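Participant: Dumping the structure here so I can ask a few things about it.
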Amino acid sequence: MTSFILKILFSGLMVFTPSQDGKEMTVLLLAADHSHHLSDGSALQRHKPLFIARAGSCSGDCPTRDGEIAQFVYADQPLSTAQDSLEAAVSGGGAWTISGSDISFVKAGSNDPDLPSLSVTSNARTSSNGQPSLIPSTSSERKDISWIADLKQVCGSGCTLDSSVLASQPPATVVARLHLRSGNVFTYSVTRIGSNVTPVHFGRLDGSGSVSPYSQAIASWAGAEIEVSGSGIEITESKFNGDPGRSMTLTPDANNSMEIAVLNLPPFVPPASGLNDAPQVGKHFEMYYDLLQDPPAKETRLVPFAGAASGAPSYPEVGWSDVHPTSGVWSPLLSGLRLDIGRSAYERVLCPPAYLEP
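The opening position of the sequence shown corresponds to residue 89 in our numbering, with each subsequent residue numbered one higher.
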């Protein structure tokens, strides 16, 4: 029986929230359009929630030349060229815009073994004098899930997830959800700030008030790997409003692998280089507070800035590429989408995924 690895990679405006029993990780993709304004009065850039798969073959709903998706991902290319680029990137797979969607993964065949239970990579992060390290020093340590920006650590114990975001019909704040009930969840990449691994700190967008003591390197990409035994994997979409959804069934490629990218990004043209010493402040982070029971006033919301907080412990000099070896983070799908880690849209701006326990 075939055994293969399904790798799922996440980046953009989304929050990871675990179930209380640890058996499921729900990824909440936030709705973001020009109608939402941030504390500085600027309109939030429109984000597009996408589900993009690359595999050996795909049956079901497997569009590969969707013009709207192609023009969004390859905004600098003519339509026909962009469609060619998308088709090449999703070879053997397909691309969906997801809206009002719940996405789940199930085994492709009824006789296939059950998918493995959910786990997370934790306890890989080192500590010093009882304090967690500010940055990862090795590739193994980089995988720890704690590098995903923890909203409760940023805003304190009063920040409680609004349970309605997990209801069958969530509020309009949530545009799509992805349900992970199998595989291992980990940090795929931490944000690149210059050539070394660098922490961020959290403060108000206008610079007033005090800075949070929570300071560390933060994930720009999260990942999940599911070891699948069987013929393939089926991805199912159900709709919040009860409308019919879609499905695609993927089989592995010649290398016995398949990849999926879950994105919620604004329009972008990737930079030529990953080097960026001073990314813009992550003001989109203000959106995450809208998932709370009692969202704080916009002007009081803390967002990420490059550099460690004043008074934070010292940390070693570690090269960014040293904790992101090519062998561990190379992705044919991300390469085809021009989203190779270290030079993606979100290396220009600090707008990381976030983590929030219920």
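Built from N, CA and C at the ideal position, the CB exists for glycine as well.
Source: prediction; values computed, not measured.
#1: Short check: CB of L167 to CB of L379, under 9 Å?
#2: Would you check if there are 3 or more beta carbon pairs closer than 8 Å linking the stretch 384-404 to the stretch 281-295?
#3: Taking 6 Å as the limit between beta carbons, can you name the residues of its chain near S447, skipping five residues before and five after?
#4: Please give the ranges of any beta strand (DSSP E) in the stretch 342-383, keeping only runs that are unbroken, at least 3 residues long and fully inside the region.
#5: Can you check whether the CB of K136 is closer than 9 Å to the CB of P358?
#6: In three-state DSSP terms, what is W458?
#7: Name the DSSP bridge partner or partners of L249?
#8: Report the rounded CA-to-CA distance for S277 versus Y403, giving the unit in angstroms.
#9: Just reading off the alpha helix (DSSP H) that L138 is part of, what are its end residues?
#10: Which residue wins for smallest C-alpha separation from F92, given the options V103, V253 and P340?
#11: Quick one: what's H125 bridged to in DSSP?
#12: Give, in chain order, every unbroken run of the beta strand (DSSP E) that is at least 3 residues long and sits entirely within the stretch 227-281.
#13: What three-state label does DSSP hand Q219 in the structure shown?
#14: With a threshold of 16 other CB atoms inside 10 Å of the CB of W418, please say whether the residue is buried or exposed.
#15: Would the beta-carbon of L101 fall within 9 Å of that of M375?
#16: Look at the alpha carbon of E315 and the alpha carbon of L351, and state the distance between them as a whole number of angstroms.
#17: On the three-state DSSP scale, how would you describe A442?
#18: Would you please state the rounded distance, in angstroms, between the beta carbons of A131 and H125? I believe it to be under 8 Å.
#19: To the nearest angstrom, report how far apart L268 and I306 are at their CA atoms.
#20: Can you give me the start and stop residues for the alpha helix (DSSP H) that V161 sits inside?
#21: Counting C-beta neighbours from all protein chains within 10 Å, is the total for T286 16 or more, i.e. buried, or is it exposed?
#22: For the candidate residues L138, D238 and P204, whose alpha-carbon lies nearest to that of S187?
#23: P441 and F98 look like a contact to me (Cβ under 8 Å); what is the Cβ gap, rounded to whole Å?
#24: Secondary structure at Q108, three-state DSSP: helix, strand or coil?
#25: Can I191 and L249 be called in contact, C-beta distance under 9 Å?
#26: Tell me which residues share the same chain as S215 and place their Cβ nearer than 7 Å to its Cβ, disregarding the 5 neighbours each side in the sequence.
#27: Could you check the C-alpha separation between A170 and S298 for me, to the nearest Å?
#28: Pick out the complete beta strand (DSSP E) segments inside the stretch 161-219, 3 residues or longer, and give them in chain order.
#29: Please name the residue in K327, Y302, P151 and Q381 whose C-alpha comes closest to that of S251.
#30: Would P332 be called buried (16 or more neighbouring beta carbons within 10 Å of its own) or exposed?
#31: Nearest to K111 by alpha carbon, out of L239, L422, V273 and S205?
#32: Alpha carbon to alpha carbon, how far is D202 from C243? Give it in angstroms, no decimals.
#33: Given this structure, state the Cα-to-Cα distance separating P151 from I140, to the nearest angstrom.
#34: Under 9 Å between the Cβ atoms of E387 and S296?
Facilitator: Let me spell this out:
#1: If you check the CB distance, L167 and L379 do not come in under 9 Å.
#2: Counting Cβ pairs under 8 Å, three or more are found: they touch.
#3: No statement about residue 447 is possible, as the shown extent of the chain runs from 89 to 446 and does not include it.
#4: Restricted to the stretch 342-383, the beta strand (DSSP E) segments that are unbroken, complete and at least 3 residues in length are 345-353, listed in chain order.
#5: Going by C-beta atoms, P358 is not nearer than 9 Å to K136.
#6: Lying before the first or after the last residue shown, residue 458 is absent from the chain, which here runs from 89 to 446.
#7: In the DSSP secondary-structure assignment, L249 is bridged to L380.
#8: Going by the C-alpha atoms only, they are around 18 Å apart.
#9: Counting along the chain, L138 sits inside no alpha helix (DSSP H); it lies in the beta strand (DSSP E) bounded by residues K136 to R142.
#10: Nearest of V103, V253 and P340 to F92, Cα basis: P340.
#11: Note: H125 is bridge-paired with A131 in the DSSP secondary-structure output.
#12: Assignment of beta strand (DSSP E) within the stretch 227-281, counting only whole runs of 3 or more residues, yields 262-268 and 271-278 in chain order.
#13: Q219 carries a strand assignment under DSSP once its states are collapsed to helix, strand and coil.
#14: Its Cβ having fewer than 16 others within 10 Å, W418 is exposed.
#15: Yes; because the gap between Cβ atoms is below 9 Å, this pair is in contact.
#16: Here the alpha carbons of L351 and E315 stand approximately 22 Å from one another.
#17: Three-state result, A442: strand.
#18: About 6 Å separates the beta carbons of A131 and H125, which is inside the 8 Å limit, making them a contact pair.
#19: In this structure, the alpha-carbon of L268 lies about 21 Å from that of I306.
#20: Following the DSSP letters along the chain, one finds V161 inside the alpha helix (DSSP H) bounded by residues G155 to V161.
#21: By the neighbour-count criterion, in which a residue is buried when 16 or more other Cβ atoms sit within 10 angstroms of its Cβ, T286 is buried.
#22: Nearest to S187 by C-alpha distance, out of L138, D238 and P204, is L138.
#23: About 6 Å separates the two Cβ atoms, so the contact holds.
#24: Looking at Q108 - three-state DSSP - the assignment turns out to be coil, as it is neither helix nor strand.
#25: With contacts defined by Cβ atoms closer than 9 Å, I191 and L249 do not form a contacting pair.
#26: These residues qualify, in order along the chain: S221.
#27: As the crow flies, the alpha-carbon of A170 is around 46 Å from that of S298.
#28: Within the stretch 161-219, the complete beta strand (DSSP E) runs of at least 3 residues are 182-185, 189-195 and 206-208.
#29: Taking only the C-alpha atoms, the option nearest S251 is Q381.
#30: By the neighbour-count criterion, in which a residue is buried when 16 or more other Cβ atoms sit within 10 angstroms of its Cβ, P332 is exposed.
#31: Ranked by Cα distance from K111, the first of L239, L422, V273 and S205 is S205.
#32: Between C243 and D202, the alpha-carbon positions lie close to 39 Å from each other.
#33: Computed Cα separation, rounded: 10 Å.
#34: Cβ atoms of E387 and S296: closer than 9 Å.
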